[in-house]
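Numbering-wise (numbering that gives the first Met the number 0), the sequence shown opens with residue 0 and increments by one.
Here the structure comes first, spelled out in structure tokens, and everything after it is commentary.
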Amino acid sequence: MPVKLINTNISTKVLHFKPGSSPASFEVSVVNESNQFASFQLEIIAAGSSSSLGSNWYDITPAVSTKNPPGDMTKFYVTITDTPIAGFVGKMNVIVRIFSLELGDEDRQLLRLMIEPGTGSIPMHVELPVREFSALPQTLIEIPVRVTNPSQLPASVTLRFCGLEPKWLLDGVEQQLQIVAGAKAETSFLCQLPVPEEVASKTYPFTIEATHLNGYPSSSPEGLIKVLPGGFIDFQCIPEKQRIPASRTWLPQWRTNSTTYILECHNASNLSEQVHIEFKKGDEDQPKCFWEITPEIVELNPGNTENFQLLVSKRRRWFGLAQKLSFIVKAIVSDQRMNVTNENQFLRLTIHPVLHPWLQLILLILLLSLLWAASWLNPNSPFFGHQRSVNSVQFNGVGDKAVSGSQDQSIIRWRVAGFTNPFINQHDGKMSKDAGKSVRVVRYKPVDNDVVAAGLENGEIQLWNVLGGTNNYKASLSINKDDRVLALEFSQSSRSLFSGHGSGLVVQWDMNDALLRSSTSVQQPVMINQPLKTQQVDFAIYGFALIGQERQNLLIGGRYNNLVMWNRSQDNLIPIQYNPPGGQNDYIVGVDSAEYKPNRLVTADNNGQITLWDMQSCVSNNNGQCEVIDRWSSGHGGKAVRSVAISNDGCYLASGGDDNRVMLWPLTTAGVRAVPNGQLVRSAAQKFNSVDIKVVNQRVLIISANDNNHVRVDVKPDQNSQCGI
Numbered sequence: 000m001p002v003k004l005i006n007t008n009i010s011t012k013v014l015h016f017k018p019g020s021s022p023a024s025f026e027v028s029v030v031n032e033s034n035q036f037a038s039f040q041l042e043i044i045a046a047g048s049s050s051s052l053g054s055n056w057y058d059i060t061p062a063v064s065t066k067n068p069p070g071d072m073t074k075f076y077v078t079i080t081d082t083p084i085a086g087f088v089g090k091m092n093v094i095v096r097i098f099s100l101e102l103g104d105e106d107r108q109l110l111r112l113m114i115e116p117g118t119g120s121i122p123m124h125v126e127l128p129v130r131e132f133s134a135l136p137q138t139l140i141e142i143p144v145r146v147t148n149p150s151q152l153p154a155s156v157t158l159r160f161c162g163l164e165p166k167w168l169l170d171g172v173e174q175q176l177q178i179v180a181g182a183k184a185e186t187s188f189l190c191q192l193p194v195p196e197e198v199a200s201k202t203y204p205f206t207i208e209a210t211h212l213n214g215y216p217s218s219s220p221e222g223l224i225k226v227l228p229g230g231f232i233d234f235q236c237i238p239e240k241q242r243i244p245a246s247r248t249w250l251p252q253w254r255t256n257s258t259t260y261i262l263e264c265h266n267a268s269n270l271s272e273q274v275h276i277e278f279k280k281g282d283e284d285q286p287k288c289f290w291e292i293t294p295e296i297v298e299l300n301p302g303n304t305e306n307f308q309l310l311v312s313k314r315r316r317w318f319g320l321a322q323k324l325s326f327i328v329k330a331i332v333s334d335q336r337m338n339v340t341n342e343n344q345f346l347r348l349t350i351h352p353v354l355h356p357w358l359q360l361i362l363l364i365l366l367l368s369l370l371w372a373a374s375w376l377n378p379n380s381p382f383f384g385h386q387r388s389v390n391s392v393q394f395n396g397v398g399d400k401a402v403s404g405s406q407d408q409s410i411i412r413w414r415v416a417g418f419t420n421p422f423i424n425q426h427d428g429k430m431s432k433d434a435g436k437s438v439r440v441v442r443y444k445p446v447d448n449d450v451v452a453a454g455l456e457n458g459e460i461q462l463w464n465v466l467g468g469t470n471n472y473k474a475s476l477s478i479n480k481d482d483r484v485l486a487l488e489f490s491q492s493s494r495s496l497f498s499g500h501g502s503g504l505v506v507q508w509d510m511n512d513a514l515l516r517s518s519t520s521v522q523q524p525v526m527i528n529q530p531l532k533t534q535q536v537d538f539a540i541y542g543f544a545l546i547g548q549e550r551q552n553l554l555i556g557g558r559y560n561n562l563v564m565w566n567r568s569q570d571n572l573i574p575i576q577y578n579p580p581g582g583q584n585d586y587i588v589g590v591d592s593a594e595y596k597p598n599r600l601v602t603a604d605n606n607g608q609i610t611l612w613d614m615q616s617c618v619s620n621n622n623g624q625c626e627v628i629d630r631w632s633s634g635h636g637g638k639a640v641r642s643v644a645i646s647n648d649g650c651y652l653a654s655g656g657d658d659n660r661v662m663l664w665p666l667t668t669a670g671v672r673a674v675p676n677g678q679l680v681r682s683a684a685q686k687f688n689s690v691d692i693k694v695v696n697q698r699v700l701i702i703s704a705n706d707n708n709h710v711r712v713d714v715k716p717d718q719n720s721q722c723g724i
């Protein structure tokens, strides 16, 4: 038989206990029957009790004894504070277990516990069949609860859900249960998790409290709801399309070179996120621009909205069309588990030039207009043409070129087509920029039109090569210094040149000799002062015209309204009767004849009278009795007529005068006016000094020069059906 090492004795075998009243106690004596030191512990085991209750229903003093020598005794004091089984009334066997770890032995004693009906209420026992839940936001969770009534009386129990937002619980935070004595009841709470912004991703603890009348409250073990990450980050740009400048693109706004996009991030999740923006060009070939995103990173809490500002700037072009740029911005979040809606935004930017295309067009038109106005294309350009009054103009033989002389001492060639076509330069170059004196008269050599004779204020006649590239004239003809050259006329064969001077001197020059001598002197012009023949009249000469079939008669017009015919074959002067006769202030200033009708003559004076003559009788009879075909003074309002020109076929007459007008007079075959009042060709601010006329390709060309420094060509249709050669 084994040796008993522990000897135990309890103070009583039967113990009465009434819950709600004074605790019941008893004493346990333990003797060390071993031959070594040993410590002892005590444990109370109630039949039918739950192991989960543990030692909550009794107290032991001391909990562990000190090590006792052999034969020594230790006393334990046990106090019963509660029933081992809630609500139990009656006899219960309780085992007192004494053990020693050093001895490896134990002893058991039986105690009969007599439990009487108590004076207080017994708390409910609350359990959670499922203590942990994992769910996404907006999930409906059913949380089961089990309640046990350990008392001998039925109970009305109130369950209260603690730890969560009340609004999450669909049926409220409280429920009522009726539980019979010693029974169990089950129920559940429905928890509806809110949208992600309102429920952060974390663990939410909760408990269920149970209360009833006249009872102690009790609570369940702690439950846990783990809310999983859910929701999304919404990314958008407001607006996606921008332009620079933002408004009124038709205004220059040259300082506006940037625009700002608002990049909006809304956290519709239950996680706090860090967001940054990734930027790249939509097209790798598009022009570079400066961009900046502020701030670099934003902290985005659930439910919050934060904005980035994307600044895009680029220096705008002044001209051209709008530039189209595109960019891609991407929202990057710190937690890759979170989805980003509209993750990539495609942005567009239109960069308008500083000058709107319509404004560019207007400026281009203005610039072209200014360039045209300042160019040779503009007949009124101050940089081309003459700078002072133009004294004389004449067409060449075919009417495609013209020449003019001015008080600014220049001689200019003109392209006639340039006056009607703005894309052709009417300015054909200056033959002379500085002739030395004012140019009073210019005339083309009829044969070949390759030489222009220019009569100057100082009495010199210069011969210019029209086709040559030199800036020097070919020859200089002069007989008397300071004797103004007021009239020039080439013979039909171009062998002679007649000059009329202010002194009344008429000089015939040998053109063959002059041109021959000039051809041998390339570098310097030939100076010629020996004329072929001279003739003297007693008045200042203002106009010449060769008349007659053989062109042997030179009509000379000038001061005092004198009109004289010089018969060169007989070398005599024949006065022509002119009506009215004039005084010292009266001048015949315009004389011309028709090339194909050599006896048709026109004269004009400074009193405004224009006269058409038939010179056949006076040429044939060699006398001054010449037939007047038509005469009128109303053409220029009674003011001086400074120049007249008759077309080669004698069908048109042009006149210009001090009334600042150029008139066209269609003539009949007989040489009279086809219409009494003529046609207005041009009017200007100042008087006209010279006109010429040419009929080419059924068009009537009229060239005119005036004190406005201008040379003008007007074109009229050849519609004179009353005239024929």
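Just so you know, even glycine gets a beta-carbon here, dropped at the ideal spot from N, CA and C.
Just so we're clear, the structure is a prediction, and the values are computed from it rather than from any experiment.
Could you tell me the alpha carbon to alpha carbon distance between residue i and residue j, rounded to whole angstroms?
i: residue 171; j: residue 160; result: 9 Å
i: residue 516; j: residue 473; result: 9 Å
i: residue 599; j: residue 645; result: 9 Å
i: residue 181; j: residue 4; result: 43 Å
i: residue 572; j: residue 617; result: 12 Å
i: residue 512; j: residue 436; result: 25 Å
i: residue 426; j: residue 389; result: 15 Å
i: residue 127; j: residue 220; result: 7 Å
i: residue 558; j: residue 501; result: 9 Å
i: residue 350; j: residue 236; result: 19 Å
i: residue 757; j: residue 432; result: Residue 757 is absent from the structure shown; the chain starts at 0 and stops at 724.
i: residue 402; j: residue 642; result: 16 Å
i: residue 285; j: residue 325; result: 8 Å
i: residue 32; j: residue 103; result: 13 Å
i: residue 657; j: residue 607; result: 9 Å
i: residue 356; j: residue 265; result: 41 Å
i: residue 624; j: residue 545; result: 17 Å
i: residue 532; j: residue 566; result: 13 Å
i: residue 399; j: residue 690; result: 16 Å
i: residue 464; j: residue 450; result: 5 Å
i: residue 396; j: residue 322; result: 57 Å
i: residue 27; j: residue 13; result: 13 Å
i: residue 233; j: residue 280; result: 22 Å
In terms of residues, what are the limits of the beta strand (DSSP E) holding residue i?
i: residue 31; result: 23-31
i: residue 161; result: 154-161
i: residue 291; result: 289-293
i: residue 204; result: 202-211
i: residue 390; result: 389-394
i: residue 604; result: 599-604
i: residue 14; result: 13-16
i: residue 58; result: 57-60
i: residue 184; result: 183-191
i: residue 264; result: 257-268
i: residue 442; result: 438-443
i: residue 565; result: 562-566
In terms of DSSP beta bridges, what is residue i paired with?
i: residue 665; result: 651
i: residue 709; result: Bridge partners of residue 709: none, in fact.
i: residue 110; result: 93
i: residue 557; result: 540
i: residue 691; result: 702
i: residue 279; result: 327
i: residue 284; result: Paired residue(s): none; residue 284 is not in a bridge.
Starting from residue i, trace the alpha helix (DSSP H) both ways and give me its first and last residue.
i: residue 618; result: 615-620
i: residue 765; result: Residue 765 lies beyond the range of the chain shown here (0 to 724); nothing can be said about it.
Inset, instruction - Would you check if there are 3 or more beta carbon pairs closer than 8 Å linking the segment 175-186 to the segment 144-153? - result: yes
Inset, instruction - Could you tell me which uninterrupted alpha helix (DSSP H) segments, each at least 4 residues in length, are contained entirely in the segment 310-386, listed from first to last along the chain? - result: 356-373
Inset, instruction - Mind listing, in chain order, the continuous alpha helix (DSSP H) runs of no fewer than 4 residues lying wholly within the segment 447-532? - result: 510-518
Legend entry - Contact the segment 366-385 vs the segment 288-299: 3+ CB pairs below 8 Å: no
Legend entry - Stretch pair the segment 358-372 + the segment 670-681: three plus CB contacts closer than 8 Å: The answer is no - the segment 670-681 does not touch the segment 358-372, with fewer than three Cβ pairs under 8 Å.
Inset, instruction - Would you check if the segment 298-316 and the segment 205-212 touch, i.e. whether three or more CB-CB distances between them fall below 8 Å? - result: no
Inset, instruction - Indicate whether the contact test is met: 3 or more Cβ pairs, each with one atom in the segment 444-460 and one in the segment 485-496, closer than 8 Å. - result: yes
Legend entry - Cβ contact check for the segment 666-673 and the segment 620-636: 3 or more pairs under 8 Å: yes
Legend entry - Meets three-Cβ-pair contact criterion under 8 Å: the segment 131-141 and the segment 77-84: no
Legend entry - Meets three-Cβ-pair contact criterion under 8 Å: the segment 244-254 and the segment 183-197: no
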